[in-house]
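**Student:** Numbering (this note's numbering), first residue to last: 80 to 443. Glycine included, every Cβ here is placed at the ideal spot set by N, Cα and C. On a predicted model such as this, the values are computed, not experimentally measured, just so you know. One structure coming up, written as structure tokens, with questions to follow.
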């Protein structure tokens with residue numbers, strides 16, 4: 080083949096890779112998998128993010144599907160409707176909208192019990208993840224996969240995009256000794272995978288308890304490409320948890336979440352969690368100057384003051400900085416987060432405190 084033709088093919092390939100269109104999620108594509116659901120009793124693991132491209136909620140879609148019976152709902156951290164605070168334990172209850180039991184998987188148990196699965200043939204998982212190892216929804220998925228395998232149930236994942244793209248992989252691999260519900264398996268902090276891909280990995284690598292294998296079906300997306308950020312998918316962004324209000328927050332979260340393992344406020348209880356941070360004892364102008372001298376990839380900092388309405392320093396004015404993202408494709412949130420924490424520790428050795436056990440679990 081002539082060099083000119085090779086160059087032309089490469090150019091066309093690059094153009095196609097960067098020519099984005101609308102994305103259809105797994106929920107949008109279930110019509111092609113009706114045989115998996117028809118004549119079966121379904122349990123749905125979901126939250127308020129499980130809408131299709133036409134604005135229809137997952138429960139309504141399956142209740143309207145011929146031959147399908149929805150018998151139970153299951154909720155992750157933050158609850159079925161996404162209103163509970165981070166870490167808040169949730170009780171099982173009856174949903175007032177659908178008059179169905181909602182079994183909490185973030186309360187007394189994190190894994191469906193045999194009793195919960197008694198009237199279920201198929202467990203369906205559809206929750207928007209955020210692309211960071213310590214976001215708990217993927218472990219709700221994996222533990223439910225274990226339960227499905229142990230009880231002879233089919234497990235279906237309706238796939239959704241990784242909102243911070245599927246090519247950027249950053250941060251260390253989790254050490255098994257530090258496994259917890261903010262990191263169960265040896266994956267990087269920014270893993271670059273979708274929920275469906277993670278489900279296949281957890282299942283295929285034998286990472287489920289006892290190396291058990293689930294009968295797994297992943298309903299893939301249509302139109303998603305690995306380089307896509309969420310705002311290139313034409314999908315509606317629904318904040319997946321109370322302190323994840325937008326895509327910029329998701330972009331910095333794999334690094335700035337490390338502040339949870341310190342006594343510096345990550346600005347929970349403000350309009351810009353994780354995109355700003357501080358404490359009452361910080362000099363905001365001085366911190367901004369010091370952090371800008373680090374020349375962190377795709378991050379600049381400006382002084383800010385904020386008063387959290389919840390979490391650390393509730394009701395107290397904090398002095399700190401706000402993050403300005405200057406080029407998200409160059410962003411290295413995890414390494415930036417490590418350097419930010421290190422700099423604050425060096426600047427304020429008498430005031431800065433570690434929450435060592437939690438920090439270790441986050442870092443893995």
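In the region 189 to 241, which residue ranges form an unbroken alpha helix (DSSP H) of at least 4 residues, counting only runs that do not cross its ends?
**Tutor:** Counting whole runs of 4 or more residues, the region 189 to 241 contains the alpha helix (DSSP H) stretches 216 to 229.
**Student:** Quick check on residue 227: buried or exposed, where buried means 16 or more other Cβ atoms within 10 Å of its Cβ?
**Tutor:** Burial call: buried.
**Student:** I'd like to check one pair, residue 183 with residue 170: are the Cβ atoms closer than 8 Å?
**Tutor:** Yes, the Cβ-Cβ distance between residue 170 and residue 183 is below 8 Å.
**Student:** Taking just the CA atoms, how far does residue 287 sit from residue 191?
**Tutor:** Cα to Cα, residue 191 sits roughly 14 Å from residue 287.
**Student:** Using a Cβ-Cβ cutoff of less than 8 Å, which residues in the same chain neighbour residue 217 once the five nearest sequence positions on both sides are dropped?
**Tutor:** Excluding residues within five positions, the ones whose Cβ falls inside 8 Å are 208, 274, 277.
**Student:** Taking the Cβ atom as the reference point for each residue, do residue 233 and residue 294 lie within a distance shorter than 8 Å?
**Tutor:** In contact: residue 233 and residue 294 (Cβ atoms closer than 8 Å).
**Student:** Between residue 387 and residue 354, how many whole angstroms is the CB-CB distance? I'm expecting something under 8 Å.
**Tutor:** Residue 387 to residue 354, Cβ: 14 Å. No contact.
**Student:** On a CA-only basis, which of 360, 436, 334, 351 is nearest residue 214? Give me that one, please.
**Tutor:** Cα-wise, what sits closest to residue 214 is 334.
**Student:** Rounded to a whole number of angstroms, what is the C-alpha to C-alpha distance between residue 87 and residue 306?
**Tutor:** Residue placement at residue 87 is poorly supported in this model, since its pLDDT is 49, which falls under 50; the coordinates still yield a value, given next. Roughly 21 Å between the two C-alpha positions.
**Student:** Under the rule that 16 or more other beta-carbon atoms within 10 Å means buried, what is residue 317, buried or exposed?
**Tutor:** Exposed, by the Cβ-count rule.
**Student:** Roughly how many angstroms separate the alpha carbons of residue 140 and residue 269, rounded to a whole number?
**Tutor:** For residue 140 and residue 269, the distance between alpha carbons rounds to 32 Å.
**Student:** DSSP beta-bridge partners for residue 140?
**Tutor:** In the DSSP output, where bridge partners are listed per residue, residue 140 has none listed.
**Student:** Taking DSSP as the reference, what is the three-state secondary structure of residue 316?
**Tutor:** Here residue 316 sits in coil by DSSP.
**Student:** Can you tell me the Cα-Cα spacing of residue 164 and residue 158, whole angstroms?
**Tutor:** Looking at the two C-alpha atoms, the distance is approximately 9 Å.
**Student:** If we ignore side chains and look at the alpha-carbon of each, how far apart do residue 240 and residue 110 end up?
**Tutor:** So the alpha carbons of these two residues sit roughly 19 Å apart.
**Student:** When DSSP builds the beta bridges, which residues end up paired with residue 433?
**Tutor:** Per DSSP, 341.
**Student:** Based on Cα-Cα distance, which residue from 416, 391, 118 lies nearest to residue 380?
**Tutor:** The candidate whose alpha carbon is nearest that of residue 380 is 416.
**Student:** Given a threshold of 16 other Cβ atoms within 10 Å of its Cβ, counted over all protein chains shown, does residue 432 qualify as buried or as exposed?
**Tutor:** That one is exposed.
**Student:** Going along the chain, which residues of its own chain have a beta-carbon closer than 6 Å to the beta-carbon of residue 332, five neighbours each way excluded?
**Tutor:** Answer for residue 332: 211, 353, listed in chain order.
**Student:** With a Cβ-Cβ cutoff of 8 Å, do residue 340 and residue 437 count as a contact?
**Tutor:** Contact: yes.
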